[in-house]
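Asks: Quick note: the sequence shown, position 286, residue 285 per numbering that gives the first Met the number 0, numbers continuous.
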Amino acid sequence: MDRYIRARYQVNQTPSFRMLSEEQCHEIYLAALEILQRTGAKVYDEESREILKQAGCWVEGELVRFPAGLTEWAVKTAPSKILLYDRDGNVAMSLQEGYTYFGPGPTNTYHRDPYTGERRRPVLTDTENVGRVCDALPNIDFVEDLGTPTGVTETLADVYAFSALVRNTRKHIVHWGFDIDQYQDILEIGAAVAGGLEKLQQKPFFSLYSEPSSPLMHSREAIAKAVFAAKNRIPIVYTPCIMLGATAPATLAGTIALGVAESLVGIVVSQLIREGSPIIMGGVYAIMDMKTTVFSYGSPEFQIMQAGIAEVARHMQIPVFGTAGCTDSHTMDGQAAAEATMSILIAAQSGANLVHDVGYTGVGSCGSLEQLVLGDEIIGMVRRFMRGIPVDDETLALDVVDRVGPGGHFLGEEHTIKHFKNETWFPTLFNRMRYNAWRDEAGGSTMGERVKKKLHYILENHKVPALPDDVLKKIDEIIARAEEREASKKKRKTG
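1. Taking the alpha-carbon of His110 as reference, which of Lys472, Glu274, Leu371, Ile233 has the nearest alpha-carbon?
2. What are the boundary residues of the beta strand (DSSP E) that Lys452 is part of?
3. Is the separation between the beta-carbon of Ile278 and that of Gly265 shorter than 9 Å?
4. Below 7 Å CB to CB, which residues in the same chain sit around Ser162 once its five sequence neighbours on both sides are set aside?
5. Within 10 angstroms of its Cβ, does Thr291 collect 16 or more other Cβ (buried), or is it exposed?
6. What number of angstroms, rounded off, separates the C-alpha of Leu32 from the C-alpha of Pro214?
7. Going by DSSP, what residue range makes up the beta strand (DSSP E) through Thr70?
8. DSSP state of Phe188, grouped into three classes?
9. Does the beta-carbon of Tyr114 have 16 or more other beta-carbons within 10 angstroms, so that it is buried, or is it exposed?
10. If you reduce the DSSP assignment to three classes, tell me which class Ile478 lands in.
11. DSSP on Tyr296, reduced to helix/strand/coil?
12. Using 10 angstroms around the beta-carbon of Lys224, count the other beta-carbons present and answer buried if the total reaches 16, otherwise exposed.
13. Could you check the C-alpha separation between Gly366 and Cys56 for me, to the nearest Å?
14. Just to confirm the assignment: which complete alpha helix (DSSP H) runs, minimum length 4, are found wholly within the segment 237-319?
15. According to DSSP, Ala40 sits in a beta bridge with which residue or residues?
16. Check whether the Cβ atoms of Pro426 and Gly379 sit closer than 9 Å, and answer yes or no.
17. Are the segment 228-244 and the segment 203-210 in contact at 8 Å, needing three or more beta carbon pairs?
18. If you drop the 5 nearest sequence neighbours on each side, which residues of the same chain put their C-beta closer than 6 Å to that of Ala297?
19. Once you ignore the five residues that flank Ala335 on each side, which residues in its own chain have a CB closer than 8 Å to its CB?
20. Just confirm the distance between the C-beta atoms of Ile241 and Gly282, as a whole number of angstroms; I'd bet it's less than 8 Å.
21. Give the C-beta separation of Glu376 and Leu428 to the nearest angstrom, bearing in mind that I take them to be a contact with Cβ-Cβ under 8 Å.
22. Identify every run of the beta strand (DSSP E) within the segment 163-207, keeping only runs that are complete inside it and at least 3 residues long; order them along the chain.
23. DSSP state of Phe101, grouped into three classes?
24. With a CB to CB cut of under 7 Å and the five nearest residues on each side skipped, what residues in its chain are close to Trp437?
25. With burial defined as no fewer than 16 other Cβ atoms inside 10 Å of the residue's Cβ, what is the status of Thr246: buried or exposed?
26. If I follow the unbroken beta strand (DSSP E) through Ile81, where does it start and stop?
27. What are the boundary residues of the beta strand (DSSP E) that includes Cys24?
28. In this structure, what does DSSP give as the bridge partners for Val399?
29. How about His171 and Asp144: are their beta carbons less than 9 Å apart?
30. Measuring CB to CB, does Thr168 end up less than 9 Å from Pro148?
31. Just the C-alpha distance for Asp332 and Val142, rounded to the nearest angstrom, thanks.
32. For the alpha helix (DSSP H) holding Gly374, just list the boundary residues, first then last.
33. Determine the contact status of Leu251 and Leu243, defining contact as a CB-CB distance below 9 Å.
34. Keeping to the same chain, check which residues put their C-beta closer than 8 Å to that of Arg2; ignore five residues upstream and five downstream.
35. Answer with buried or exposed for Pro464, where buried requires no fewer than 16 other C-beta atoms within 10 angstroms of its C-beta.
36. So does the segment 311-321 actually touch the segment 22-41, counting three or more Cβ pairs closer than 8 Å?
So this is what it looks like as structure tokens:
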């Protein structure tokens with residue numbers, strides 16, 4: 000029982016900050032509504048255009064303008080809480096206000112070899128390794144492939160990647176696909192693992208991903224994926240990859256407003272298909288560095304906009320896809336650690352829900368398991384920071400202080416034994432050894448060496464429970480049918 004009763008006593012449970020006020024969030028939201036009604040968006044999928052036309056949108060060829068009232072209805076209808084499950088059917092994440100989860104990103108062109116350090120094209124064994132490493136890391140909550148595998152049928156790289164992940168991790172998977180055929184393959188694999196489509200829909204252990212093209216273009220593949228997800232009751236991330244000064248205005252507010260408008264198109268379509276369809280907005284909002292023309296993952300503006308979109312999404316009460324743990328650096332150095340730490344901390348403080356791209360290096364071009372392991376350590380530290388300082392009779396410990404008295408110590412107190420493990424964060428990689436112990440016992444190891452040692456231990460020792468043989472057989476059969484389909488498509492094109 001509290002010792003005092005306080006009138007109007009406010010509790011700050013976790014450290015937090017605001018990039019935008021509620022009024023500013025609302026202004027950005029209203030600007031996005033105006034963009035869609037006044038300027039509109041190009042929608043290249045005929046089925047989606049017909050759905051929007053029937054709902055009252057103005058359709059002129061491929062250009063669709065959205066009545067603000069319809070868009071507001073869709074925002075209110077979309078769920079503010081989405082439950083995501085793991086492969087075993089357990090709740091893995093609850094996407095709602097105040098909950099932040101982290102994972103790697105998808106589709107990198109290159110992969111950093113975990114043993115040689117070579118920057119090369121990813122192969123399927125890399126995808127398998129990503130699954131197992133994510134499965135082992137305690138602060139990584141969901142899994143993406145961290146690189147499109149080569150060495151398989153090119154048009155089925157997405158399906159092979161999903162198959163590799165589902166065999167090598169129990170954690171929730173966020174996955175992309177080239178087109179609807181591949182989405183159907185992925186759905187069938189998911190149903191085989193879950194024990195049927197209905198069981199998968201009740202406890203989805205994977206979410207789909209789709210990305211419109213900025214500014215304000217929704218390809219047939221992009222918007223059709225949102226339709227597919229809604230029809231099949233599978234969560235989907237619908238998120239632009241937007242570039243300040245290139246595919247968006249050169250102002251932060253303008254870029255966020257445009258990005259919100261692009262996510263809203265997916266939200267409207269999904270809710271028209273099925274009210275309450277689980278959809279996650281957000282995006283990768285970055286600058287085009289005018290010196291190098293790169294899409295920068297480490298700029299301060301990147302961090303500001305990631306916080307901004309998280310706050311606008313929270314204002315809209317829709318779960319948001321965030322970005323953190325990534326770096327513009329091409330190697331795991333001080334820049335990589337600094338940029339990853341800043342972005343992870345800001346993602347947590349701004350309240351982003353599903354935060355991806357931990358392990359991205361080289362301005363997003365290269366997936367790195369070393370950067371992922373480093374990110375796991377940073378996330379642990381940030382999560383301790385976000386727990387803040389609980390203040391009550393137990394934590395104030397006045398009776399303990401009185402019992403120990405002046406000049407005493409607290410090492411042997413039951414209160415200390417009870418609380419020190421929970422109050423204190425213990426790193427697995429950061430060095431807290433005294434100099435002589437670090438030099439003599441730890442061999443004077445650098446952070447990079449410790450990261451590599453931990454990574455190699457996971458790769459060589461961590462085992463993921465295998466899927467049942469009958470499920471593995473079904474997955475192989477689905478992939479075999481997909482191979483036949485793609486071979487038939489190729490034959491028709493060349494014939």
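All C-beta atoms in this analysis are idealised placements derived from N, C-alpha and C, irrespective of residue type, glycine included.
Treat the numbers as computed from the prediction; the structure is a model and nothing was measured.
Replies: This is what the structure gives:
1. Leu371
2. Counting along the chain, Lys452 falls outside any beta strand (DSSP E), though it belongs to the alpha helix (DSSP H) covering 446-460.
3. yes
4. Ile188, Ile474, Ile478
5. exposed
6. 15 Å
7. Thr70 -> not in any beta strand (DSSP E); alpha helix (DSSP H) instead, spanning 67-76.
8. Just to set this straight, residue 188 is Ile in the shown sequence, not Phe. The answer is helix: DSSP assigns Ile188 an H, G or I state.
9. exposed
10. helix
11. coil
12. buried
13. 41 Å
14. 251-272, 299-315
15. Val63
16. yes
17. yes
18. The sequence given here places Gly at residue 297; Ala does not occur at that position. So the qualifying residues of the chain are Thr326, Asp327, Glu338.
19. Thr326, Ser328, Thr360, Gln370, Leu373
20. 6 Å
21. 5 Å
22. 171-174
23. strand
24. Asn430, Gly443
25. buried
26. 81-84
27. Unbroken run through Cys24 is the alpha helix (DSSP H), 21-33; no beta strand (DSSP E).
28. The partner list for Val399 (beta bridge, DSSP) is empty, contrary to what the question assumes.
29. no
30. no
31. 24 Å
32. 368-385
33. yes
34. Its pLDDT being 44, under 50, Arg2 is placed unreliably in this model, and the coordinates cannot settle the point.
35. exposed
36. yes
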